[in-house]
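Participant: Below you'll find the structure I mean.
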Amino acid sequence: MNQYDLIVVGSGPAGRRAAIQAAKLDKKVLVVEQGKRVGGVSVHTGTIPSKTLRETALNLSGWRERGFYGKAYRVKQEISAEDLRRRLLITLDHEVEVLEHQFARNRVQSIRGKATFVTPDTMAITKDDGDVMHVMGKSILLAVGTKPFRPDYIPFDGKTVLDSDELLEIEQLPRSMVVIGAGVIGIEYATIFSALDTAVTVIDPKSTMLDFIDKEIVEDFTYQLRDRNMKLLLGQKADKVERLPDGKVLVHVDSGRRIATDMVLFAAGRMGATDTLNLAAAGLEADSRGRLKVNPETFETSVPNIYAAGDVVGFPSLASTSMEQGRVAARVAVGAIAKEPQKYFPYGIYAVPEISTCGLTEEEMKERGIPYECGIARFRETSRGHIMGLDTGLLKLIFSLKTRRLLGVHIVGEGATELVHIGQAVLNLKGTVEYFVENTFNYPTLAEAYKIAGLDAWNRMGEGPKEAPVATSQSTDTAATTTEPAFEKKKAASK
């Protein structure tokens, strides 16, 4: 039986980062991937495909230029599903090639097959030809990701009623679409198809959406969606989905509405892809959504030497955070020191328009009782915004009144997922409002919005002391203390 220092099940963001990290520590690593090619959900049906689809849609539709040339402007008059798929395939081939090269360069072994537990340290790998091999690992990392939740009452057919994975295979663009689910995935696809001039209706039983995002940002975002005639049926539930003889789909809503549409996308949740792992043989049990509970610092499960990282452990379910989780889990698993990542990480929603956020929301500031002030900048206030023809776009900075430190940055608009990293750096380095007031930003850029928002907050806060005060561990401003305990976790010698 082949033995490894670390067996990684899944080659998505968490799995590939974990495998390469362990390999760089001179450990013998095996990656097991049941898909046709390495990359996992992120490369083939999730992160990369959806963002590629978004970029292609915005380019071909001429969306970014409509501020100058009118709503009827298009780069390509007749956009087909094949136009979208062509760019997608090129991007996916490149991503797979890069990943395969990384594995080869770092001497990470990989095998295609379905892995199941035999014992807590032994897995059986079933290949496509039915051949079964057994491997043993000193440690095992489960990075299997998630799959779409598919309830029985939804008549999925892969053509007119689809989940988010199947959406990438459509043969023609619909004239109308109903999206069931106003979470991140549902909203991203809803706004992408809206940008392609598909008439989109979003249905969700919750009366609000994206509750983890600053409320003011969500309000601005919602206004933009309604302004382009997207229908948001929040606080309403889709009771029944019915395929009609004429090829249409009829959605029954509990409010009494009946919506006939060309296509229905069901995007209300995802399930951890753990059902085929035979977890019981390892002494593990998943929750009702197939997710695994782990120590949030080491990512070790309830079974020693078995770890889990990425979407399979739940929120925040981001490719970026999954990579860091995989890296930390791998270091702990092979007995290396793992330092805690920075406290604040950015969250990106690749809708149209983009949303990105880092740090505390205004609602969280109120809950924690931290005195604060906000600074606002609109992209139309910048020269670059005028050059780009932007009528929308908002950047919001939140500062502590006591320490003047930046505690939150929230952006909705063009390039939000890129711009947020300036705020992230200042936030994690404990910068104050003076940083934005006193620093020079390239002109003309959208990044100038930071200076505008900083000045807006500075004017409201007053000039303050000559030098910004240094917060101490005794500060009541719990979000602004400078003494954050360093994190160093090392596996016990007995492991």
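Per the numbering used here, the very first residue in the sequence shown carries number 545; after that it's consecutive. Each residue gets a CB set at the ideal place from its N, CA and C atoms; glycine is no exception.
Among 870, 866, 939, which one has its Cα closest to the Cα of residue 902?
Facilitator: What you label residue 902 is simply residue 358 of the sequence shown in a count that begins at 1. Nearest of 870, 866, 939 to residue 902, Cα basis: 939.
Participant: Kindly indicate which three-state DSSP category residue 950 falls into: helix, strand or coil?
Facilitator: As a first step, residue 950 must be located in the sequence shown, where it is residue number 406. Residue state, collapsed to three classes: strand.
Participant: Helix, strand or coil for residue 621? Go by DSSP, reduced to three states.
Facilitator: Position 77 of the sequence shown, counted from the start, is the residue given in the question as residue 621. Residue 621 sits in coil when the DSSP states are folded into three classes, being neither helix nor strand.
Participant: Should residue 982 go down as buried or exposed, given a rule of 16 or more other Cβ atoms within 10 Å for buried?
Facilitator: For the purposes of this step, residue 982 is taken as residue 438 along the sequence shown, with counting starting at 1. With fewer than 16 Cβ atoms within 10 Å of its Cβ, residue 982 is classed as exposed.
Participant: How big is the Cα-Cα spacing for residue 568 and residue 663?
Facilitator: Along the sequence shown, read from residue 1 onward, the residue named residue 568 stands at position 24. Along the sequence shown, read from residue 1 onward, the residue named residue 663 stands at position 119. The straight-line gap from Cα to Cα measures roughly 27 Å.
Participant: Identify, in the order they occur along the chain, each residue of the same chain with its Cβ nearer than 7 Å to the Cβ of residue 570, setting aside the five sequence neighbours on each side.
Facilitator: Translated into the one-based positions of the sequence shown, residue 570 becomes position 26. Excluding the 5 residues flanking it on each side, residue 570 has no same chain C-beta neighbour closer than 7 Å.
Participant: If you reduce the DSSP assignment to three classes, tell me which class residue 776 lands in.
Facilitator: What you label residue 776 is simply residue 232 of the sequence shown in a count that begins at 1. Strand at residue 776.
Participant: Check whether the Cβ atoms of residue 718 and residue 820 lie closer than 9 Å to each other.
Facilitator: As a first step, residue 718 must be located in the sequence shown, where it is residue number 174. As a first step, residue 820 must be located in the sequence shown, where it is residue number 276. In this structure, residue 820 does not lie closer than 9 Å to residue 718 by Cβ.
Participant: Can you give the Cα-Cα distance for residue 758 and residue 906, rounded to whole angstroms?
Facilitator: As a position in the sequence shown, residue 758 is number 214, starting the count at 1. As a position in the sequence shown, residue 906 is number 362, starting the count at 1. Straight-line Cα distance between these residues: approximately 6 Å.
Participant: For the alpha helix (DSSP H) containing residue 557, list its first residue and its last residue.
Facilitator: For the purposes of this step, residue 557 is taken as residue 13 along the sequence shown, with counting starting at 1. 557-568 is the span of the alpha helix (DSSP H), which, as asked, contains residue 557.
Participant: Among the candidates 727, 702, 729, whose CA atom is the shortest distance from the CA of residue 716?
Facilitator: Taking the first residue of the sequence shown as position 1, residue 716 is located at position 172. The shortest Cα separation from residue 716 among 727, 702, 729 belongs to 702.
Participant: Please report the residue range of the alpha helix (DSSP H) in which residue 810 lies.
Facilitator: Reading the sequence shown from its first residue, position 266 is the one you call residue 810. Run containing residue 810: none in the alpha helix (DSSP H); it sits in the beta strand (DSSP E), 807-810.
Participant: Just to confirm before moving on: does the CB-CB distance between residue 972 and residue 888 stay below 9 Å?
Facilitator: Locating residue 972 in the sequence shown gives position 428, counting from the first residue. Locating residue 888 in the sequence shown gives position 344, counting from the first residue. Closer than 9 Å, so yes.
Participant: Here's the rule I'm using: 16 or more other beta-carbon atoms within 10 Å means buried, otherwise exposed. How should residue 1006 be labelled?
Facilitator: Residue 1006 sits at position 462 when you count from the first residue of the sequence shown. Flag for residue 1006 reads exposed.
Participant: Taking Cβ positions, are residue 855 and residue 689 nearer each other than 9 Å?
Facilitator: Walking along the sequence shown from the start, residue 855 turns up at place 311. Walking along the sequence shown from the start, residue 689 turns up at place 145. It is a contact, given that the beta carbons lie within the stated cut-off.
Participant: Determine the direct distance from the alpha carbon of residue 583 to that of residue 643, and round the result to whole angstroms.
Facilitator: Residue 643 sits at position 99 when you count from the first residue of the sequence shown. Residue 583 sits at position 39 when you count from the first residue of the sequence shown. Computed Cα separation, rounded: 7 Å.
Participant: By a C-beta neighbour count over all protein chains shown, 10 Å radius and 16 as the cutoff for buried, is residue 927 buried or exposed?
Facilitator: What you label residue 927 is simply residue 383 of the sequence shown in a count that begins at 1. It counts as exposed.
Participant: Candidates 990, 886, 997: which alpha carbon is nearest residue 953's?
Facilitator: By one-based count along the sequence shown, residue 953 stands at place 409. Closest option to residue 953, Cα to Cα, is 997.
Participant: Can you tell me the Cα-Cα spacing of residue 698 and residue 705, whole angstroms?
Facilitator: On the sequence shown, position 154 is the one that residue 698 refers to. On the sequence shown, position 161 is the one that residue 705 refers to. Answer to the nearest angstrom: the Cα atoms are 8 Å apart.
Participant: Counting beta carbon pairs with one atom in the segment 608-618 and one in the segment 580-596, are three or more of them shorter than 8 Å?
Facilitator: no
Participant: Please classify residue 724: does DSSP put it in a helix, a strand, or coil?
Facilitator: Within the sequence shown, numbered from 1, the residue matching residue 724 stands at position 180. Three-state result, residue 724: strand.
Participant: Do residue 648 and residue 873 have their CB atoms nearer than 9 Å?
Facilitator: Numbered from 1 along the sequence shown, position 104 holds the residue referred to as residue 648. Numbered from 1 along the sequence shown, position 329 holds the residue referred to as residue 873. No, the pair does not count as a contact, with Cβ atoms beyond the cut-off.
Participant: What is the DSSP secondary structure of residue 697, reduced to helix, strand or coil?
Facilitator: Against the sequence shown, residue 697 aligns to sequence position 153. Here residue 697 sits in coil by DSSP.
Participant: Residues in the same chain with beta-carbon distance under 7 Å from residue 922, minus the five sequence neighbours each way, listed in chain order, please.
Facilitator: By one-based count along the sequence shown, residue 922 stands at place 378. The residues are 937, 938.
Participant: Extract the residue ranges of the alpha helix (DSSP H) inside the segment 952-1001, only unbroken runs of 4 or more that lie entirely within it.
Facilitator: 960-972, 977-982
Participant: Return the Cβ separation of residue 949 and residue 974 in integer angstroms, given the expectation that the two are a contact with Cβ distance under 8 Å.
Facilitator: Translated into positions along the sequence shown, residue 949 becomes position 405. Translated into positions along the sequence shown, residue 974 becomes position 430. The pair is a contact, with the Cβ atoms about 6 Å apart (cut-off 8 Å).
Participant: Thinking just about the alpha-carbon of each residue, which of 740, 677, 961, 658 is nearest to the one in residue 627?
Facilitator: Your numbering for residue 627 matches position 83 in the sequence shown. Closest option to residue 627, Cα to Cα, is 740.
Participant: Where does residue 1003 fall in DSSP's three states?
Facilitator: Position 459 of the sequence shown holds residue 1003. In this structure, residue 1003 counts as helix in the three-state DSSP scheme.
Participant: Can you look up residue 582 in the DSSP assignment and give me helix, strand or coil?
Facilitator: Here the question's residue 582 lines up with position 38 in the sequence shown. Looking at residue 582 - three-state DSSP - the assignment turns out to be coil, as it is neither helix nor strand.
Participant: Which residues share a DSSP beta bridge with residue 545?
Facilitator: As a working note, residue 545 is residue 1 in the sequence shown. Beta-bridge pairing links residue 545 to no other residue.
Participant: CA-CA distance, residue 590 and residue 573?
Facilitator: Translated into positions along the sequence shown, residue 590 becomes position 46. Translated into positions along the sequence shown, residue 573 becomes position 29. Their backbone Cα atoms lie some 25 Å apart in a straight line.
Participant: With 9 Å set as the bound, which would you pick, yes or no: does the beta-carbon of residue 755 sit closer than that to a beta-carbon of chain B?
Facilitator: Given the protein chain composition of this structure (a single chain), no chain B is represented.
Participant: Quick check on DSSP: helix, strand or coil for residue 1013?
Facilitator: For the purposes of this step, residue 1013 is identified with residue 469 of the sequence shown, where counting begins at 1. Note that residue 1013 scores 43 on pLDDT, short of 50, meaning its location in the model is unreliable and no value can be drawn from it.
Participant: Restricting to Cα atoms, I'd like to know which of 780, 932, 955, 792 is closest to residue 750.
Facilitator: Within the sequence shown, the letter at position 206 stands for residue 750. When each option's Cα is compared against that of residue 750, the closest is 780.
Participant: Tell me, which residues are paired with residue 846 by DSSP?
Facilitator: Position 302 of the sequence shown, counted from the first residue, corresponds to residue 846. None; residue 846 has no bridge partner.
Participant: Could you give the first and the last residue of the continuous beta strand (DSSP E) run that contains residue 877?
Facilitator: Stepping through the sequence shown from its first residue, residue 877 is reached at position 333. Not the beta strand (DSSP E): residue 877 falls in the alpha helix (DSSP H), residues 863-877.
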